[in-house]
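Residue numbers (my numbering): 12 to 732. Quick reminder that beta carbons are idealized off the backbone N, C-alpha and C, glycines included.
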Ligand code: MOS
């Protein structure tokens with residue numbers, strides 16, 4: 012159990028987030044947002060704003076800051092504001108005011124008069140279904156995929172031939188990331204170029220995007236983000252705040268700070284798509300799946316820049332079935348952009364699939380765990396590559412015992428005025444890693460530094476660097492100084508796709524092994540303390556001929572302050588040998604009040620097979636956060652979009668999130684099987700899987716308690732009347 016190395020700084024206010032940076036002469040920017048959902052800006056009257064107290068600059072599509080579409084190899088294109096007069100959604104950044112103070116910038120921004128040529132807006136996924144377009148699946152996979160058994164003509168034939176069929180349509184709401192730290196940026200230019208302080212998921216990626224957008228050399232952009240107050244995918248792309256701050260600071264030749272208000276975060280960033288999903292399951296009487304069809308529609312912005320791959324993320328990989336057909340379509344709407352959000356694809360996809368599996372279990376009169384294990388896959392259907400490791404069955408057996416699943420009754424039970432039910436669902440998220448480079452340095456005071464340009468958005472990566480660094484160098488974690496969140500460090504992968512520990516950890520091991528080789532070489536070099544001897548390394552010491560020195564002692568003897576090495580790691584040959592995923596089993600007990608119909612979670616348990624867990628304390632905390640987010644998705648969260656495209660509940664008064672009183676004790680258990688077929692560290696990834704399956708487990712528990720099957724989230728009181 013290791014506490015976060017950055018914990019004390021975070022709880023004492025010592026941690027400096029992006030907006031906490033202040034510089035002499037700093038000006039403040041405020042973003043102006045559109046108030047129509049579709050149209051063209053015909054005029055923007057900025058006369059009042061320009062003459063308002065303290066105003067230094069007013070920018071609009073008629074008088075823009077110079078920015079180019081940003082491109083990065085990981086994230087593709089990122090939209091930049093003010094470059095044209097088109098408005099594609101309500102709340103789109105269309106102007107920018109810079110003043111001496113934040114309040115002056117905000118006041119002046121309120122006086123900007125915009126004239127639009129307004130066009131009818133399409134804002135509801137239901138209304139947009141007829142204009143759906145084929146969408147790529149995960150990783151650019153084709154929009155649809157069919158795997159049929161020999162002799163089977165179509166998925167419809169396979170369903171028709173199935174003795175038991177369930178078929179239903181599910182839907183999920185659009186969500187905002189609602190990270191504690193709103194998107195913000197502080198930009199400072201000097202003769203060396205731009206320094207940007209702005210929370211993101213990879214300093215090196217943000218530097219790349221900024222360099223592209225500003226048409227400047229990558230070497231003249233440095234981004235610094237040692238602390239990030241939550242990201243979840245919503246800080247993958249560089250924010251509008253950062254683009255505008257950087258461009259304005261350049262032309263004004265002073266530091267500029269931009270902080271989005273909470274309301275602005277709801278539209279000026281990007282969120283989770285709404286989805287509609289049709290699922291049909293055909294099974295034999297013994298529960299074995301004969302056919303699985305999953306057709307999905309997701310909302311997307313008019314620029315079609317992101318697809319929520321619900322079908323590809325779930326049905327492609329979850330169950331062994333003889334026949335599989337999946338398709339993915341997107342529906343361009345006049346709504347704020349969509350992007351990655353914790354378990355993109357799997358989170359909403361698992362609500363549909365794992366609800367449908369529960370419906371099938373009921374149709375078969377079979378225990379839902381037994382049905383899932385009967386169809387437990389050894390490889391994704393249509394793929395010859397077996398899972399590198401899969402202990403889902405153990406997650407279920409341990410979970411069922413811990414949770415008391417055997418006491419479940421098919422129709423729930425009553426406890427005073429409460430109807431009590433339990434539900435379960437499978438969780439899966441692919442194990443991913445990205446190319447990463449890490450620098451490890453030994454210092455003459457017997458400490459070591461581990462540095463990466465990667466980010467710690469609250470996940471605990473900083474502590475992972477110290478733990479894996481210590482293990483790789485065979486020293487104590489207290490001797491390791493971890494550093495991250497600075498693009499001046501080697502590019503360390505990104506904190507996304509639940510990949511950071513596997514990516515950075517593997518690179519640390521490579522760097523440390525190079526460094527130890529180097530240390531031994533200098534120890535035995537001519538004139539060195541172990542000249543010409545057969546040296547070895549153990550416990551932070553160099554050994555030979557019956558004596559030893561710590562690396563610090565050796566460096567001091569050599570008069571070298573430090574010794575460094577870098578190491579890189581990237582996905583390689585293992586990708587041709589196995590399929591990789593984390594797995595889990597979610598259990599929930601729900602109480603629905605007989606008279607008020609409010610649903611409250613009374614118990615939650617998640618059991619996960621995520622390979623080796625490096626720091627169980629932080630891992631448990633991360634998993635709890637994801638499970639709570641699952642409760643939130645199931646019972647609270649959803650953006651209400653008015654017909655005119657305005658978000659009716661775009662603030663923390665109207666956008667419901669669970670509070671302490673909504674969440675019971677959360678039980679988390681890991682079955683620990685290090686997966687060294689995936690990467691040398693053996694960690695498979697825990698960031699996203701914890702939210703997966705939660706909404707279905709809750710809907711299944713509500714059904715168990717009340718007999719009411721709700722096929723959309725969030726589930727509201729009025730659904731249970
Ligand atoms: Mo995650 S949605 O890849 O930050």
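beta-carbon residue i near the ligand MOS non-hydrogen atom, thresh 7 Å
i, result
"residue 781", "The structure shown has nothing for residue 781, since the chain only spans 12 to 732."
"residue 705", "no"
"residue 353", "yes"
"residue 661", "no"
"residue 212", "yes"
"residue 162", "no"
"residue 699", "yes"
"residue 480", "no"
"residue 508", "yes"
"residue 1", "Lying outside 12 to 732, the shown extent of the chain, residue 1 is not represented and no answer is given."
"residue 247", "yes"
From the options, residue whose alpha carbon lies closest to that of residue i
i, options, result
"residue 432", "598, 697, 299, 310", "598"
"residue 576", "453, 87, 178", "453"
"residue 136", "378, 307, 583", "307"
"residue 149", "706, 337, 694", "337"
"residue 671", "662, 684, 643", "643"
"residue 293", "76, 330, 402, 283", "330"
"residue 156", "579, 111, 340", "340"
"residue 199", "522, 207, 192", "207"
"residue 281", "175, 707, 352, 478", "352"
"residue 273", "191, 499, 185", "191"
"residue 120", "63, 152, 244, 166", "63"
"residue 501", "376, 490, 507, 514", "514"
"residue 392", "528, 368, 456, 323", "323"
"residue 242", "266, 249, 211", "211"
"residue 317", "364, 245, 254, 362", "245"
"residue 497", "235, 48, 92", "235"
"residue 718", "290, 434, 129, 141", "434"
"residue 240", "289, 22, 404", "22"
"residue 258", "170, 227, 279, 684", "227"
Within-8 Å CB hit, residue i to chain B
i, result
"residue 643", "No chain B appears in the structure shown, which is made up of a single protein chain."
Same chain, Cβ closer than 6 Å to residue i, neighbours up to 5 away in sequence not counted
i, result
"residue 399", "589, 591, 686, 688, 689"
"residue 602", "429, 431, 611, 613"
"residue 182", "287, 723"
"residue 313", "99, 343"
Euclidean distance between Cα positions of residue i and residue j
i, j, result
"residue 159", "residue 19", "56 Å"
"residue 37", "residue 52", "31 Å"
"residue 505", "residue 466", "7 Å"
"residue 303", "residue 164", "14 Å"
"residue 14", "residue 487", "14 Å"
"residue 655", "residue 125", "17 Å"
"residue 223", "residue 82", "6 Å"
"residue 558", "residue 480", "25 Å"
"residue 328", "residue 203", "49 Å"
"residue 446", "residue 27", "28 Å"
"residue 139", "residue 133", "7 Å"
"residue 579", "residue 630", "25 Å"
"residue 17", "residue 532", "35 Å"
"residue 188", "residue 251", "16 Å"
"residue 218", "residue 546", "42 Å"
"residue 464", "residue 449", "8 Å"
"residue 111", "residue 61", "13 Å"
"residue 658", "residue 69", "26 Å"
Neighbourhood of residue i by C-beta, 7 Å cutoff - its chain only, sequence neighbours within 5 removed
i, result
"residue 440", "354, 357, 509, 592, 593, 696, 699, 700, 703"
"residue 726", "610, 645, 646, 710, 713"
"residue 85", "216, 505"
"residue 669", "639, 642, 643, 647"
"residue 410", "596, 598, 616, 618"
"residue 299", "385, 386"
"residue 499", "233"
Chain-order list of residues whose beta-carbon lies under 8 Å from that of residue i (same chain, five-residue window excluded)
i, result
"residue 530", "453, 548, 553, 562, 565, 574"
"residue 55", "71, 72, 73, 105, 106, 123, 124, 125, 126"
"residue 542", "535, 536"
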